[in-house]
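S.K.: Would you mind keeping the following structure in view while I ask a few things?
There are 2 protein chains.
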Amino acid sequence: MNVTTNAPAVSVGLLHDVAERAGGRVVDRLAEVHALLGADMALVDGELARVVRDGLSPATESAAHLLEAGGKRVRPLTVLLAAACFGPPPPAARELAVVAELVHLATLLHDDVIDDGQERRGKPTPRRIWGNAVSVLAGDLLLTHALERTSAAAPGSVLADLFATLRALVDGEVVQLRGRMVLDAREEVYFRIVHDKTASLFAWAARAGATIAGAATEAASALGDYGTHLGVAFQLVDDVLDYAGDPRATGKALLGDLTEGKLTLPLIRALVAEPSLAADVDAVRSGDRRAAQRLADAVRASGTCEGVRALARDETARALVSLEALPPSAARELLGGVARELASRVA
Amino acid sequence: MNVTTNAPAVSVGLLHDVAERAGGRVVDRLAEVHALLGADMALVDGELARVVRDGLSPATESAAHLLEAGGKRVRPLTVLLAAACFGPPPPAARELAVVAELVHLATLLHDDVIDDGQERRGKPTPRRIWGNAVSVLAGDLLLTHALERTSAAAPGSVLADLFATLRALVDGEVVQLRGRMVLDAREEVYFRIVHDKTASLFAWAARAGATIAGAATEAASALGDYGTHLGVAFQLVDDVLDYAGDPRATGKALLGDLTEGKLTLPLIRALVAEPSLAADVDAVRSGDRRAAQRLADAVRASGTCEGVRALARDETARALVSLEALPPSAARELLGGVARELASRVA
Chain A
1 MNVTTNAPAV SVGLLHDVAE RAGGRVVDRL AEVHALLGAD MALVDGELAR VVRDGLSPAT
61 ESAAHLLEAG GKRVRPLTVL LAAACFGPPP PAARELAVVA ELVHLATLLH DDVIDDGQER
121 RGKPTPRRIW GNAVSVLAGD LLLTHALERT SAAAPGSVLA DLFATLRALV DGEVVQLRGR
181 MVLDAREEVY FRIVHDKTAS LFAWAARAGA TIAGAATEAA SALGDYGTHL GVAFQLVDDV
241 LDYAGDPRAT GKALLGDLTE GKLTLPLIRA LVAEPSLAAD VDAVRSGDRR AAQRLADAVR
301 ASGTCEGVRA LARDETARAL VSLEALPPSA ARELLGGVAR ELASRVA
Chain B
348 MNVTTNAPAV SVGLLHDVAE RAGGRVVDRL AEVHALLGAD MALVDGELAR VVRDGLSPAT
408 ESAAHLLEAG GKRVRPLTVL LAAACFGPPP PAARELAVVA ELVHLATLLH DDVIDDGQER
468 RGKPTPRRIW GNAVSVLAGD LLLTHALERT SAAAPGSVLA DLFATLRALV DGEVVQLRGR
528 MVLDAREEVY FRIVHDKTAS LFAWAARAGA TIAGAATEAA SALGDYGTHL GVAFQLVDDV
588 LDYAGDPRAT GKALLGDLTE GKLTLPLIRA LVAEPSLAAD VDAVRSGDRR AAQRLADAVR
648 ASGTCEGVRA LARDETARAL VSLEALPPSA ARELLGGVAR ELASRVA
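So the sequences go chain by chain: A and B. If you count the first sequence from 1, position 345 lands on 345 in this note's numbering, and the numbers rise without skipping. Convert by adding 347 to the 1-based position in the second sequence; the result is the number in this note's numbering.
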């Protein structure tokens, strides 16, 4: 179960991107990233591939489908970089990096069942290929496996922290589900969902990486704050891309959130500025494709996407401030690079 | 989180039944059961009611619905009785008793989504009332909560054992799901599902109760064997009742398993004796109600239900033999009573 074998050297795309965009001495930075984490990330990626392949089909086939559809592996990267702020990451950090992605995959599988999700990472969702039953089972399998790995690699506070995080993930999903039944366009509800469903796992990833590397409580807590702000910024940008992104680049259908009954910030703010849009919202929710196009145009014209992008930049700035509590290191710089990269992404 | 408060003195029906049927000195036995476990079970029942009520609706509402629909609480009782073989059960045994039922409820919630289950304990399944989304979430909530409680009450081998058990539970469900897609009438596949989906949790309950009470490895292992045989016997009887039970008493629709695509032993054996029944099996699986009635009559006429009942009695005898490795105690006698009770039940 441990990540100690020689895994294939798979691509670690984001790592390269971050280094390239970090500006300045690109070549040096790239070498630095590889020296720091390239081998670790390759092991993590190899182990993830092994875990999702190593079970009983069809449940794990669906998890493999999701894993192979891509994804940025931001959560494992966060675990490893947080650990690397305190020296070379111990093997247990790789275990927790695997856990962070497994938990993420498990929530994707269950979320798609809950939301009747149609597409994910530019491919049909596993539930559309194999059915809800398989997605429920595969999610259960990955979640249980992730907890088992954590209890072996970091049985103390990191495991307790993961339980609290899982509670938040489910709570966020419950609040979102309730909002789908009764249209609730309050910003506070939106931010609660963002914190629970997205930021909580980023925060855990950063805290867990720090803790397993032996960081002091204050440093782990600062990295937790970094993770929270990173997660909020990540979700804000994601929600902008649902209205203003290029589907060919994001791999997501435009207005996917809305057709699944989710109100996100660009629309919530557009509704405040133009309450008459509510009629189109109702129409989209009951399947009117033309209303969807009208609504997307109206949201883009309202200028709220720019406002939400600005909010994402604020959150990124807060993430960077959180890092200042840490001693300077190459890993700390790269965490800053990840935050900047995610805030400015267009896909 | 601990079961230490004064919970309402809820009914502990099975406890009474067992004592009444144990024969001989009924009044004494009843007093004995109460002296042993009545207060513990009341606390466990109160805590279960609190857990499923204490979250965010609608997810927990569905769990509460399932809990209040009844159920025999055999798994918590097994934990407590196993612990009581080694002295008064410690508070952590009550925690694990709560865990055993929470895991069971979580699997019921997810199983109903996987099987498109219509009825459970004589009531519509939660997914029919609140939808699949709620059942997925409520199951995730209960499962995570159960693991969190275990990691607090028994972080060592009992937790590791629970992870292995959860793996078995999911594996069993995967095998069953695959069998639903491709009709597989092999007895070995049936028994594998019974071991993974039912017996594994009974075995964990008995082992966990013993371990938390400080039992030696051999004694805990003997109780694990008891739990395995108890679980197999329980499931065999359940599967007979699906063909030969009185729906008013069992709270289950006749042929519920078959219409959900599950082949159980009474039918598997009837198919061996009379291969022409396969046509009716296909018809029932595609929704033919008259074929269902014909098939039920044919299975009952084939006499396989009696054979499966006899197998259940064999398993019960094995469960009783496993208990002989333990020092004599009132709790050991009651475990024997539970096994006999479950093997002869008609509902």
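All C-beta atoms, glycine included, are put in the ideal place defined by N, C-alpha and C. Owing to the predicted nature of the structure, the values given are computational and were not obtained by experimental measurement.
(1) Which residues in chain A sit within 7 Å of B/R539, going by Cβ to Cβ distance?
(2) Distance cutoff 7 Å, beta carbons only. Does B/A480 sit that close to anything in chain A?
(3) What residues from the region 138-158 of chain A come within 7 Å of chain B, judged by C-beta to C-beta, listed N to C?
(4) So which residues on chain B does A/H110 lean against when the C-beta distance must stay under 7 Å?
(5) Assign A/S62 to one of two classes, buried (16 or more other C-beta atoms within 10 Å of its C-beta) or exposed (fewer than that).
(6) By DSSP, does A/P124 sit in helix, in strand, or in coil?
(7) Give the DSSP bridge partners of B/E466, in chain order.
(8) Using DSSP with H/G/I as helix, E/B as strand and the rest coil, what is B/T425?
(9) For A/D401, count the other beta carbons within 10 Å of its own beta carbon; 16 or more makes it buried, fewer makes it exposed. Which is it?
(10) Taking its Cβ as the centre, do 16 or more other Cβ atoms sit within 10 Å of B/D543, making it buried, or is it exposed?
(11) Along the region 513-524 of chain B, what residues have a CB closer than 9 Å to any CB found in chain A?
(12) Indicate the three-state DSSP secondary structure (helix, strand or coil) for A/A63 in the structure shown.
(13) Checking contacts by CB at 7 Å: is B/I461 closer than that to chain A?
(14) Exposed or buried, what is B/P438 when buried is set at 16 or more other beta-carbons lying within 10 Å of its beta-carbon?
(15) Does the separation of the CB atoms of A/A283 and A/A291 fall below 7 Å?
(16) Using 8 Å for Cβ pairs, my map puts B/D387 next to B/L443. What's the rounded Cβ distance?
(17) Between which residues of its own chain and A/L263 is the CB-CB distance below 6 Å, once the five residues before and five after are set aside?
(18) Tell me, please, whether the region 503-522 of chain B touches the region 144-160 of chain A by the rule of three or more beta-carbon pairs shorter than 8 Å.
(19) Please work out which residues of its chain come closer than 8 Å, Cβ to Cβ, to A/L102, disregarding the five sequence neighbours upstream and downstream, and give them in chain order.
(20) At a threshold of 6 Å, does B/L577 count as lining the ligand GDP (C-beta to nearest heavy atom)?
(21) May I have the straight-line CA-CA distance separating A/G139 from B/L413, to the nearest angstrom?
(22) Looking at B/P613 and B/T705, is the spacing between their C-beta atoms short of 7 Å?
(23) Put B/A686 into one of helix, strand or coil per three-state DSSP.
(24) Can you tell me whether B/S649 is buried or exposed? The criterion is at least 16 other CB atoms within 10 Å of its CB, across all chains shown.
(25) Count the other CB atoms, across all protein chains shown, that sit within 10 Å of the CB of A/V321; report buried if there are 16 or more and exposed otherwise.
(26) Is it true that the CB of A/W204 sits closer than 7 Å to the CB of A/T165?
(27) Within 10 angstroms of the Cβ of B/G578, are there 16 or more other Cβ atoms? Answer buried if so, exposed if not.
(28) Using a threshold of 7 Å, state whether the C-beta atoms of B/H576 and A/V136 are closer than that.
(29) What does B/F581 touch in chain A if you count any residue whose Cβ is under 8 Å from its own?
(30) Going by alpha carbons, who is nearest to B/D585 out of B/R679, B/A447, B/E621 and B/E653?
(31) Are the C-beta atoms of B/F510 and some chain A residue less than 7 Å apart?
(32) What's the C-alpha gap between A/A206 and A/T107?
(33) As a quick exercise: from B/P435, B/D635, B/G418 and B/A431, pick the residue whose alpha carbon is nearest that of B/G469.
(34) So, are the CB atoms of B/Y573 and B/A666 less than 7 Å apart?
(35) With a threshold of 7 Å on Cβ separation, who are the neighbours of B/S676 within its own chain once the five nearest residues in sequence on each side are excluded?
(36) In terms of alpha-carbon separation, which member of B/A416, B/A411, B/R420 and B/T407 lies closest to B/G385?
M.R.: The short version:
(1) For the purposes of this step, residue 539 of chain B is taken as the residue at position 192 of the second sequence. For a Cβ distance threshold of 7 Å, nothing in chain A lies close to B/R539: the least Cβ distance comes to about 11 Å.
(2) The residue labelled residue 480 of chain B in the question sits at position 133 within the second sequence. Yes, its Cβ sits closer than 7 Å to a Cβ of chain A.
(3) D140, L141, T144, L147, E148, S151 and P155
(4) Translated into the one-based positions of the first sequence, residue 110 of chain A becomes position 110. By Cβ distance, chain B contributes V483 and D487.
(5) Translated into the one-based positions of the first sequence, residue 62 of chain A becomes position 62. Around the beta carbon of A/S62, 16 or more other beta carbons lie within 10 angstroms, which makes this residue buried.
(6) Position 124 of the first sequence holds residue 124 of chain A. Residue state, collapsed to three classes: strand.
(7) For the purposes of this step, residue 466 of chain B is taken as the residue at position 119 of the second sequence. For B/E466, the pairing in a beta bridge is given by DSSP as B/P471.
(8) Reading the second sequence from its first residue, position 78 is the one you call residue 425 of chain B. Correct three-state label for B/T425: helix.
(9) With chain A represented from 1 up to 347, any question about residue 401 of chain A goes unanswered, as that position is not in the structure.
(10) Position 196 of the second sequence, counting from 1, holds the residue named residue 543 of chain B. Residue environment analysis places B/D543 among the buried positions, since at least 16 neighbouring C-beta atoms fall within 10 angstroms of its C-beta.
(11) Taking 9 Å as the upper bound on Cβ-Cβ separation, chain A lies near residues L513, R514, L516, V517, D518, E520, V521, V522 and L524 of the region 513-524 of chain B.
(12) Within the first sequence, residue 63 of chain A is the residue found at index 63, counting from 1. Three-state result, A/A63: helix.
(13) For the purposes of this step, residue 461 of chain B is taken as the residue at position 114 of the second sequence. It does: the Cβ of B/I461 has a partner Cβ on chain A nearer than 7 Å.
(14) Working through the second sequence from its first residue, we reach residue 438 of chain B at position 91. Exposed, by the Cβ-count rule.
(15) What you label residue 283 of chain A is simply residue 283 of the first sequence in a count that begins at 1. What you label residue 291 of chain A is simply residue 291 of the first sequence in a count that begins at 1. Yes, the Cβ-Cβ distance between A/A283 and A/A291 is below 7 Å.
(16) Counted from its first residue, the second sequence places residue 387 of chain B at position 40. Counted from its first residue, the second sequence places residue 443 of chain B at position 96. Actually they do not touch by this definition, with Cβ atoms about 11 Å apart.
(17) Locating residue 263 of chain A in the first sequence gives position 263, counting from the first residue. So the qualifying residues of the chain are A185.
(18) yes
(19) Taking the first residue of the first sequence as position 1, residue 102 of chain A is located at position 102. Result list for A/L102: L48, V51, L142, L143, H145, A146 and R149, in chain order.
(20) This structure lacks the ligand GDP, and indeed carries no ligand of any kind.
(21) In the first sequence, residue 139 of chain A corresponds to position 139, counting from 1. In the second sequence, residue 413 of chain B corresponds to position 66, counting from 1. When rounded, the distance between both Cα atoms is 22 Å.
(22) Only positions 348 to 694 of chain B appear in this structure, which leaves residue 705 of chain B out of reach.
(23) Here the question's residue 686 of chain B lines up with position 339 in the second sequence. Of the three classes helix, strand and coil, the one that applies to B/A686 here is helix, per DSSP.
(24) If you number the second sequence from 1, residue 649 of chain B lands on position 302. Buried is the call here.
(25) Indexing the first sequence from 1 puts residue 321 of chain A at position 321. Under this definition A/V321 is an exposed residue.
(26) Reading the first sequence from its first residue, position 165 is the one you call residue 165 of chain A. Reading the first sequence from its first residue, position 204 is the one you call residue 204 of chain A. Yes; because the gap between Cβ atoms is below 7 Å, this pair is in contact.
(27) As a working mapping, residue 578 of chain B is identified with position 231 in the second sequence. Result: buried.
(28) On the second sequence, residue 576 of chain B is found 229 positions in, with the first residue counted as 1. On the first sequence, residue 136 of chain A is found 136 positions in, with the first residue counted as 1. Against a cut-off of 7 Å, the Cβ pair of A/V136 and B/H576 comes out as no contact.
(29) In the second sequence, counting from the first residue as 1, residue 581 of chain B sits at position 234. Around B/F581, no beta-carbon contact reaches into chain A at under 8 Å, the shortest distance being about 22 Å.
(30) Along the second sequence, one-based indexing puts residue 585 of chain B at 238. Of the candidates B/R679, B/A447, B/E621 and B/E653, the one whose C-alpha sits nearest the C-alpha of B/D585 is B/E653.
(31) As a first step, residue 510 of chain B must be located in the second sequence, where it is residue number 163. Put simply, the CB of B/F510 is near chain A, with a gap under 7 Å to one of its CB atoms.
(32) Here residue 206 of chain A refers to the residue found at position 206 when the first sequence is read from its first residue. Here residue 107 of chain A refers to the residue found at position 107 when the first sequence is read from its first residue. Spanning the two alpha carbons is a distance of roughly 18 Å.
(33) Counting from one through the second sequence, the residue named residue 469 of chain B turns up at place 122. The shortest Cα separation from B/G469 among B/P435, B/D635, B/G418 and B/A431 belongs to B/G418.
(34) Stepping through the second sequence from its first residue, residue 573 of chain B is reached at position 226. Stepping through the second sequence from its first residue, residue 666 of chain B is reached at position 319. Result yes, Cβ atoms of B/Y573 and B/A666 sit closer than 7 Å.
(35) The residue given as residue 676 of chain B occupies position 329 in the second sequence. Same-chain partners within the cutoff: C432.
(36) Your numbering for residue 385 of chain B matches position 38 in the second sequence. Looking at the Cα atoms, B/R420 is the closest of the given residues.
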